[in-house]
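In our numbering, the protein residues as written are 138 to 531.
Below, the structure is given as structure tokens:
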């Protein structure tokens, strides 16, 4: 039998109004808190209720909000300087993945003085940093429970992916009330990102019993509730189910890794500036169909987790149904195609060999049940273009 490790926060708090519990947990780590959020959320006043909660608990509070959509090394350094200046003892990140990733990087650099680039990769961070409380305002990245941060070095234009057990937040607070104002497009894109995390964790070569349980539970929550949350942002039950599902998917992929969809998705985002959730969505059905022959029974499980009645079906038929259901959800959410995103098909195919190379270099495709060559990845990109431009009309 294999031996597995499963990393997770010490505490996960869920439920409407759970933001009010933040002070109680923050006090466990000290009296000085640094709230970390992005510029847009700060302008919308997202930190005000949190500041009130922390101050009511008797804490001293500073706020760092100089964060863009894709956090950079210079932003981390500015946040770290404020953290040191204010003698902060606990970081409270509220927002999407960018805010939480920035908090992880600030925490890491607080106690580790080498250049951040030296920590790139898996488990290269030598010492724990400041404790983090993570409060997501979108249901997608799962960053509130993962060991991963991604920071861009502007000087080298390199996206530094760092994974370490020391980056897992101590506490994750999942308050669905914070996701109610999330725009429909963001709800759809981040939701499919979370669904992709769950599917890829379940079929990953690194899967284990605990990640399997989390991944299937995430699919059961996300698939039937994402469209509900998209149609009615104030549907609190649907919002909470998707938020918890995204967290479960985060736990699953943080421990089992993602696979071919994410490997192919990142280069599309880097070269054509397609949002991550959208690039996952346009790739998901085709890559599922490609991967299916190597994991038929697992794709059949995915169909059942989505809610399909597979009575009387073979595993092959149920697996194909999982692909069709993924296609149906993406269509229902009106997620855009490459054509609708104004991606030039000729430029896309010119870039396909480089994107395939970059995908393989990331390591994620190595976790896929069916291992793809560079040529096969280029063919998958070609099929994506054909589906978008030929089926819709050039």
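C-beta atoms are modelled at their ideal positions from N, C-alpha and C, and glycine is treated no differently.
Nearest by alpha-carbon distance to residue i: which of the options is it?
i, options, result
"residue 271", "307, 214, 278 and 263", "307"
"residue 453", "425, 318, 398 and 475", "425"
"residue 214", "199, 445, 256 and 245", "245"
"residue 260", "330, 161, 279 and 304", "304"
"residue 383", "339, 330 and 397", "330"
"residue 296", "241, 336 and 257", "257"
"residue 468", "249, 325 and 400", "325"
"residue 292", "405, 211, 327 and 314", "211"
"residue 284", "435, 262, 154 and 347", "262"
"residue 172", "191, 162 and 358", "191"
"residue 216", "199, 232 and 207", "199"
"residue 323", "441, 472, 422 and 335", "472"
"residue 398", "420, 355, 138 and 347", "420"
"residue 521", "353, 375 and 402", "402"
"residue 525", "483, 498, 484 and 476", "476"
"residue 327", "367, 309, 288 and 302", "367"
Helix or strand or just coil, what does DSSP make of residue i?
i, result
"residue 298", "strand"
"residue 170", "strand"
"residue 349", "helix"
"residue 164", "coil"
"residue 270", "strand"
"residue 259", "strand"
"residue 140", "coil"
"residue 442", "helix"
"residue 470", "coil"
"residue 264", "coil"
"residue 342", "coil"
"residue 410", "coil"
"residue 222", "helix"
"residue 145", "coil"
"residue 396", "coil"
"residue 369", "coil"
"residue 476", "coil"
"residue 361", "helix"
"residue 567", "A question about residue 567 goes unanswered here, because the residues of the chain that appear run from 138 up to 531."
"residue 159", "helix"
"residue 502", "helix"
"residue 246", "helix"
Roughly how many angstroms separate the alpha carbons of residue i and residue j, rounded to a whole number?
i, j, result
"residue 157", "residue 486", "50 Å"
"residue 361", "residue 439", "13 Å"
"residue 286", "residue 513", "29 Å"
"residue 117", "residue 511", "Any answer about residue 117 is impossible in this case: the structure gives the chain only from 138 up to 531."
"residue 463", "residue 194", "45 Å"
"residue 507", "residue 321", "34 Å"
"residue 168", "residue 225", "8 Å"
"residue 177", "residue 429", "40 Å"
"residue 189", "residue 456", "50 Å"
"residue 407", "residue 243", "24 Å"
"residue 240", "residue 447", "44 Å"
"residue 311", "residue 527", "42 Å"
"residue 363", "residue 371", "12 Å"
"residue 386", "residue 143", "13 Å"
"residue 145", "residue 338", "15 Å"
"residue 343", "residue 229", "31 Å"
"residue 207", "residue 174", "12 Å"
"residue 369", "residue 139", "44 Å"
Over the uninterrupted beta strand (DSSP E) stretch that includes residue i, give me the two end residues.
i, result
"residue 201", "197-201"
"residue 230", "227-232"
"residue 204", "Unbroken run through residue 204: none, as it is neither H nor E."
So is residue i buried or exposed if we call it buried at 16+ other beta carbons inside 10 Å?
i, result
"residue 410", "exposed"
"residue 181", "exposed"
"residue 391", "buried"
"residue 417", "buried"
"residue 479", "exposed"
"residue 449", "exposed"
"residue 481", "exposed"
"residue 255", "exposed"
"residue 332", "buried"
"residue 504", "buried"
"residue 252", "exposed"
"residue 336", "buried"
"residue 266", "buried"
"residue 160", "buried"
Between which two residues does the alpha helix (DSSP H) carrying residue i extend?
i, result
"residue 510", "Element bounds for residue 510: n/a, residue is neither H nor E."
"residue 415", "413-428"
"residue 379", "373-393"
"residue 113", "Because residue 113 is not part of the residues shown, which for the chain are 138 to 531, the question remains open."
"residue 592", "Since the first and last residues shown for the chain are 138 and 531, residue 592 lies out of range."
"residue 290", "No alpha helix (DSSP H) contains residue 290, which is instead part of the beta strand (DSSP E) from 285-290."
"residue 190", "184-193"
"residue 148", "Taken as a continuous stretch (DSSP letters only), residue 148 belongs to no alpha helix (DSSP H), being part of the beta strand (DSSP E) at 148-151."
"residue 494", "482-499"
"residue 178", "176-180"
Would the beta-carbon of residue i be found less than 6 Å away from any heavy atom of the ligand ADP?
i, result
"residue 198", "No copy of the ligand ADP appears in this structure; indeed no ligand is present at all."
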